[in-house]
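Everything in the sequence shown is counted per my numbering, starting at -18 for the first residue and increasing by one.
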Amino acid sequence: MSSNPLAPSWLAVPDDANALAEAVWSRNATRSAAGELEIAGVAATDLVERFGTPVYVVDEADVKARATSIRESFDREFARVGSAAKVYYAGKAFLSTEVARWVTDAGLNIDVASGGELAVALAAGVDPSRLGLHGNNKSLREIDRAVGLGVGAIVIDSEIEVSRVAEAAVRHGRVQPVRLRINSGVHASTHEYLATAREDQKFGIPLADAPAIVALIRAEPSLTFLGLHSHIGSQIFESDGFAEAARRLFALHAQLLADGPVPELNLGGGFGIAYTSVDEPLAIDEVAVRFADIVAGGAAELGIPVPIVAIEPGRSVVGPSTTTLYTVGTIKDVLVEGANVRKYVSIDGGMSDNVRPSLYGADYSVRLANRSSDAEPALVRIAGKHCESGDIVVHADYLPGDVRPGDIVAVPATGAYGWAMASNYNYLGRPPVVAVIDGEARVIVRGETEEDLLSRDMGVAR
Ligand SMILES: Cc1ncc(COP(=O)(O)O)c(C=O)c1O
């Protein structure tokens, strides 16, 4: 079958429109003998019967295995170059108390980006010394609470935060470890990176201004300087952007060593994952090898000790673990410019449970979940039910052409920035998050009901 001219150039007609591309699906997703999608031994139809749709299904063992393998790879590779690594899970990708416990049990620390994320980590019982706090505009309350709790590291993002954090530390009688976020001028995304004198963005301090701000930090007895921090982007497939950022930070790091200790270097997160069958991210152990080589090489060139390196992966820990299940409601064959047909398959969720495709054009894939089919593949667009024409969940993929109302469809790799960015647009309740492991399913975050949605409306008669 030839491809539909409406399909993007990267999308080929699959030999089997039921196949689950290994890199895209969580490791315990399979098709049963009857052709149905199963995740960790739980059939998609059982999940839908128990929890309804839409539902986020997290393959718990997948998250734990990825967290463990990131930590082990970085531990191994930084030990090889005579140093050590600290892995922080970027909680912004998806945080619940269960997830916080899974990743900390796997030996990771957690980065939080707000008081709310901090509250979730604390509710999970995470020791505050294992937390890092980020943000370009932390409130005074957030800073005070973090310092008071003994949060392990605060990332200072602007000059004014030096005195804000220092004063909070004095109030609490603590010495607060801090990093300084640098705007390295490097921005990376998938295959390309862009290097400028300074990236046009809100985060961080320009390289040239950093020595003066580090001097301010060092002059505060209530602060201790851990090192520099950089985060260059997300969904990155190559290591050259990290290498360029590390090169830039290293020059500054070496300069700062002349006036005091700089024990750590934080290179942020952003490691890419596969959303479609053509995405080929680096394996995480390869990322670790390259990072260790980049950092050790940079240190050798400058004749300085290899620092402890911190990283902050979010997407690569939870992204591939989760599959969203939806029910198909309506289907339209839309003749585009009088020539080719795009099948619009509308589902019972949309931009409220996954805003990434409409927010920045992110691509996803889709498969039938309740059955397999030998029907000829048809180009589909998975559309949400919201009142926005841009409300698309999957811009383009092929499904068996007999897809029909009532079918369950599965969109893989929705674990990062899916639930975390979900909204109540059109008063849809946020779907539940269900963890599956060893044939068992349990709700880890319940879905919102109509009652929840009305509960904050003060005009409701009660
Ligand atoms: C400072 C910082 N660290 C880590 C991350 C996590 O990135 P990713 O989920 O792509 O690994 C982000 C994402 O925005 C970030 O801003």
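From the three backbone atoms N, C-alpha and C, an ideal C-beta is built for every residue, glycine too.
Exercise. Evaluate W83 with the Cβ neighbour count: other Cβ atoms within 10 Å of its Cβ, from every protein chain shown; 16 or more gives buried, anything less gives exposed.
Key: Here residue 83 is taken as the residue at index 102 of the sequence shown, counted from 1. It counts as buried.
Practice problem: Sort out for me which residues DSSP pairs A71 with in a bridge. | Solution: As a position in the sequence shown, residue 71 is number 90, starting the count at 1. According to DSSP, which records beta bridges pairwise, A71 is partnered with D92.
Quiz item: Got a sec, what are the start and stop residues for the beta strand (DSSP E) P158 sits in?
Solution: As a working mapping, residue 158 is identified with position 177 in the sequence shown. Note, P158: beta strand (DSSP E), 157 to 164.
Exercise. Name the two residues that bound the continuous alpha helix (DSSP H) containing V128.
Key: To locate residue 128, count along the sequence shown from 1; it is residue 147. First-last of the alpha helix (DSSP H) with V128: 121 to 130.
Quiz item: What does a CB cutoff of less than 6 angstroms around A65 pick up in its chain, not counting 5 residues either side in sequence?
Solution: Counted from its first residue, the sequence shown places residue 65 at position 84. Counting only Cβ-Cβ distances below 6 angstroms, and skipping sequence neighbours, we find F59, I289.
Exercise. Would you check if the distance between the CB atom of T311 and the CB atom of G399 is smaller than 8 angstroms?
Key: Position 330 of the sequence shown, counted from the start, is the residue given in the question as residue 311. Position 418 of the sequence shown, counted from the start, is the residue given in the question as residue 399. Not in contact: T311 and G399 (Cβ atoms no closer than 8 angstroms).
Practice problem: With DSSP as the reference, label V268 as helix, strand or coil. | Solution: Residue numbering aside, residue 268 sits at position 287 when the sequence shown is read from its first letter. Helix at V268.
Exercise. Could you check which residue in R362, Q236, G96, E3 has the C-alpha nearest to that of N118?
Key: The count along the sequence shown starts at 1 and reaches residue 118 at position 137. N118 has its Cα closest to that of G96, out of R362, Q236, G96, E3.
Quiz prompt | Completely contained alpha helix (DSSP H) runs for the stretch 41 to 71, where each covers 4 or more residues | solution = 41 to 61
Exercise. Decide yes or no for the touch test of the stretch 149 to 169 against the stretch 195 to 212: beta carbon pairs closer than 8 angstroms, at least 3 of them.
Key: yes
Quiz item: Which residues have a Cβ closer than 5 angstroms to any heavy atom of ligand 1, listed in chain order?
Solution: A71, A74, H212, S215, G249, G250, G251, E293, P294, G295, R296
Exercise. Express the C-alpha separation of N407 and R352 in angstroms, rounding to a whole number.
Key: Along the sequence shown, one-based indexing puts residue 352 at 371. Along the sequence shown, one-based indexing puts residue 407 at 426. Cα-Cα distance, rounded: 31 angstroms.
Quiz item: How many Å lie between D314 and A359 at the Cα?
Solution: On the sequence shown, residue 314 is found 333 positions in, with the first residue counted as 1. On the sequence shown, residue 359 is found 378 positions in, with the first residue counted as 1. Spanning the two alpha carbons is a distance of roughly 10 angstroms.
Practice problem: Please list the segments of the beta strand (DSSP E) lying wholly inside the stretch 326 to 357, counting only runs of 3 or more residues, in order along the chain. | Solution: none
Exercise. Please classify S215: does DSSP put it in a helix, a strand, or coil?
Key: As a first step, residue 215 is located in the sequence shown; it is residue number 234 there, counting from the start. DSSP places S215 in strand when its eight states are reduced to three.
Exercise. Indicate the three-state DSSP secondary structure (helix, strand or coil) for H172 in the structure shown.
Key: Taking the sequence shown and counting its residues from 1, one reaches residue 172 at position 191. Looking at H172 - three-state DSSP - the assignment turns out to be coil, as it is neither helix nor strand.
Quiz item: What span of residues does the beta strand (DSSP E) with F206 cover, start to end?
Solution: Translated into the one-based positions of the sequence shown, residue 206 becomes position 225. Segment 204 to 210, the beta strand (DSSP E) holding F206.
Quiz prompt | Same chain only: Cβ atoms within 7 angstroms of A403, ignoring 5 sequence neighbours per side | solution = Residue mapping note: residue 403 aligns to position 422 of the sequence shown, counting from 1. Closer than 7 angstroms at the Cβ level, and outside the excluded window around A403, lie S333, D334, R411.
Quiz item: Helix, strand or coil: how does DSSP classify L76 here?
Solution: Here residue 76 refers to the residue found at position 95 when the sequence shown is read from its first residue. DSSP places L76 in coil when its eight states are reduced to three.
Exercise. Tell me where the alpha helix (DSSP H) around E245 begins and ends.
Key: The sequence position of residue 245 within the sequence shown is 264, counting from 1. No alpha helix (DSSP H) contains E245, which is instead part of the beta strand (DSSP E) from 245 to 247.
Exercise. Figure out for me which residue from A226, W(-9), A191, N9 has the closest Cα to the Cα of P393.
Key: Numbered from 1 along the sequence shown, position 412 holds the residue referred to as residue 393. Closest option to P393, Cα to Cα, is N9.
Self-check item: Buried versus exposed, by CB contacts within 10 Å (16 or more), D92
Solution: Stepping through the sequence shown from its first residue, residue 92 is reached at position 111. Per the 10 Å Cβ criterion, buried.
Exercise. With distances taken Cα to Cα, identify the nearest neighbour of E19 among R437, P(-11), L306.
Key: As a first step, residue 19 must be located in the sequence shown, where it is residue number 38. If we check each option's Cα against that of E19, L306 comes out closest.
Exercise. Enumerate in chain order the residues of its own chain whose CB-to-CB distance from H172 is below 8 angstroms, with the five nearest sequence positions on each side excluded.
Key: Here residue 172 is taken as the residue at index 191 of the sequence shown, counted from 1. Contacts found: F218, E219.
Self-check item: Local Cβ density within 10 Å of P242, reported as buried at 16 or more and exposed below that
Solution: One-based indexing of the sequence shown puts residue 242 at position 261. So P242 ends up on the exposed side.
Exercise. Could you tell me whether the stretch -9 to 8 touches the stretch 339 to 350, where touching means 3 or more Cβ pairs closer than 8 angstroms?
Key: yes
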